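Enquirer:
Protein chains in written order, with our numbering: chain R, 1 to 159; chain W, 1001 to 1291.
#1: Please confirm if the region 105–121 of chain R is in contact with the region 136–155 of chain R, defined as three or more CB-CB distances below 8 Å between the two stretches.
#2: Compile a chain-ordered list of the residues in the region 1094–1124 of chain W whose CB is closer than 8 Å to at least one CB of chain B.
#3: For a cutoff of 8 Å on Cβ pairs, would you count residue 1003 of chain W as touching chain R?
#4: Between the region 18–33 of chain R and chain W, which residues of the former have a C-beta closer than 9 Å to a C-beta of the latter?
#5: Comparing alpha-carbon positions, which option in W:1200, W:1219, W:1006 lies nearest residue 1182 of chain W?
#6: In angstroms, rounded to a whole number, what distance separates the CA positions of residue 1163 of chain W and residue 1025 of chain W?
#7: Terminal residues of the continuous alpha helix (DSSP H) containing residue 56 of chain R?
#8: Is residue 1224 of chain W close to chain R? Criterion is C-beta to C-beta, closer than 8 Å.
#9: Name the chain R residues that come within less than 7 Å of residue 1190 of chain W, Cβ to Cβ?
#10: Just to confirm, are residue 130 of chain R and residue 114 of chain R a CB contact at a threshold of 8 Å?
#11: Taking buried to mean at least 16 other C-beta atoms within 10 Å of its own C-beta, is residue 37 of chain R buried or exposed?
#12: Since residue 27 of chain R is in the beta strand (DSSP E), which residue starts that stretch and which ends it?
#13: Is residue 1149 of chain W a contact residue of the ligand NAD, with contact defined as CB to any heavy atom under 7 Å?
#14: Quick check: the Cα distance between residue 18 of chain R and residue 9 of chain R, rounded to an integer number of angstroms?
#15: If you run the structure through DSSP and keep just helix, strand and coil, what is residue 1228 of chain W?
#16: Check the Cβ-Cβ distances between residue 1035 of chain W and every residue of chain R, and say whether any is below 8 Å.
#17: I'd like the list of long-range same chain contacts for residue 63 of chain R, defined as Cβ closer than 6 Å, with 5 residues on each side in sequence excluded.
#18: What number of angstroms, rounded off, separates the C-alpha of residue 1138 of chain W from the C-alpha of residue 1212 of chain W?
#19: Count the other CB atoms within 10 Å of the CB of residue 1091 of chain W; is the residue buried (16 or more) or exposed (fewer)?
#20: Can you have a look at residue 28 of chain R and say buried or exposed, based on whether 16 or more other CB atoms are within 10 angstroms of its CB?
#21: Going along chain W in order, which residues have a C-beta closer than 9 Å to the C-beta of residue 94 of chain R?
#22: Return the Cβ separation of residue 43 of chain R and residue 1039 of chain W in integer angstroms, given the expectation that the two are a contact with Cβ distance under 8 Å.
#23: In whole angstroms, what is the alpha-carbon distance linking residue 71 of chain R and residue 1282 of chain W?
#24: Taking the alpha carbon of residue 55 of chain R as the reference point, which residue from R:31, R:61, R:73 has its own alpha carbon closest?
#25: Looking at the structure shown, is residue 140 of chain R part of a helix, part of a strand, or coil, going by DSSP?
#26: Any idea what DSSP makes of residue 100 of chain R, helix, strand or coil?
#27: Between residue 5 of chain R and chain W, is the shortest Cβ-Cβ distance under 8 Å, so that the two count as touching?
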């Protein structure tokens, strides 16, 4: 029995009829064509499918699309303002916080929430905040630097 | 990795949810945070025909002190417990446990009550609630009742609750004037289930003597276990090194671990002793006693 959902993704409302078993990550990728959200482990471990659901980071492989009915979802595609990158995207670029880039969308969405909770995070807070996201290339050092750089940029912008 | 097909219901009231469960019997599963159930459905370890999603029922989340107890609403996420100032100040055992469950993103979604009724012996909340002497408020076809935590766990992934029941909240004794607690978790890597974990809670009287003690164990039996002999070894004594040593050895005796890729029986049992001692020392220090 299909179910109707109304989900605002990156500010755009979408009304869809979906199977209840459709996972949020597949709704984003396969129904809406937003392939920035990646499918990694499919077992809630790697964090590459991280998106914001009503402002909180969730693993989109472990949430049903039906559960997002009435909610606002933000994906990596929703961060930049036109051609202007979000400070987190800019910082990952500047600090070389990626190699292959597979984990990057999830890292950035997790870091987005991290900086909301801790606008001026210590290195330890950054590392703990990203515990749910795996990167198999960089060894994390540059990712931690990138998040710290974004915190500085966002702090400077808001002060 | 796609769940089997099911019908999905998102009731907006508890009565509606109870009616749905009554109508569908054991074919239906309750969905709260989904951080265990959805992966199990994806692996086809669970294939419920009907999901009843509680997330649209108002007023079922939150952590508050009221009427002489601490109340944790059933839809309270691990992250809400972790971030609660009240919990951080007065319930260190709960704060510490909430901070080491899975990872921050899973903690945003997973619920305390959902974790308890999932009844995974490697779950952290079971040990914490056993140490605290919690009670679950349960609504079922015959109305409301309180289920003491000591009567909840039957065996791995099985509780004494019926398919028509919904947990609406968890009630804990309020923290006393001199109370303390700690959660010690040994894990192979960040985000893993515990190899062994120990929850400890102490209440001291004005003379610094233990008036109450709670010790719960994670991942060393078919369910979370309560180490009652270890608790008895502390009550009526000051929590000094001798008392803590005796209690820690009794806790190790209460454990019933199995060997797996996280360690041997002997290793896990000894880790119960070591982690119990650490948790009790910190609980005692927090309560303002020795340790």
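All C-beta atoms in this analysis are idealised placements derived from N, C-alpha and C, irrespective of residue type, glycine included.
Nothing here was measured: the structure is a model prediction, and the numbers come from that model.
Expert: The structure says:
#1: yes
#2: The structure shown contains no chain B; its protein chains are R and W.
#3: Cβ-Cβ to chain R under 8 Å: yes for residue 1003 of chain W.
#4: 19, 20, 21, 22, 23, 26
#5: W:1200
#6: Straight-line Cα distance between these residues: approximately 6 Å.
#7: Unbroken run through residue 56 of chain R is the beta strand (DSSP E), 56–59; no alpha helix (DSSP H).
#8: no
#9: 131
#10: yes
#11: Around the beta-carbon of residue 37 of chain R, 16 or more other beta-carbon atoms lie within 10 Å, marking it buried.
#12: It is not in any beta strand (DSSP E) - residue 27 of chain R carries neither H nor E in the DSSP assignment.
#13: Judged by which ligands are present, the structure shown has none, so any question about the ligand NAD falls away.
#14: Taking the straight line from one Cα to the other gives about 16 Å.
#15: helix
#16: yes
#17: 24
#18: 26 Å
#19: That one is buried.
#20: buried
#21: Going along chain W, no residue has its Cβ under 9 Å from residue 94 of chain R, so there is no contact; the nearest lies around 25 Å.
#22: 6 Å
#23: 42 Å
#24: Residue 55 of chain R has its Cα closest to that of R:73, out of R:31, R:61, R:73.
#25: Coil at residue 140 of chain R, not helix or strand.
#26: coil
#27: no
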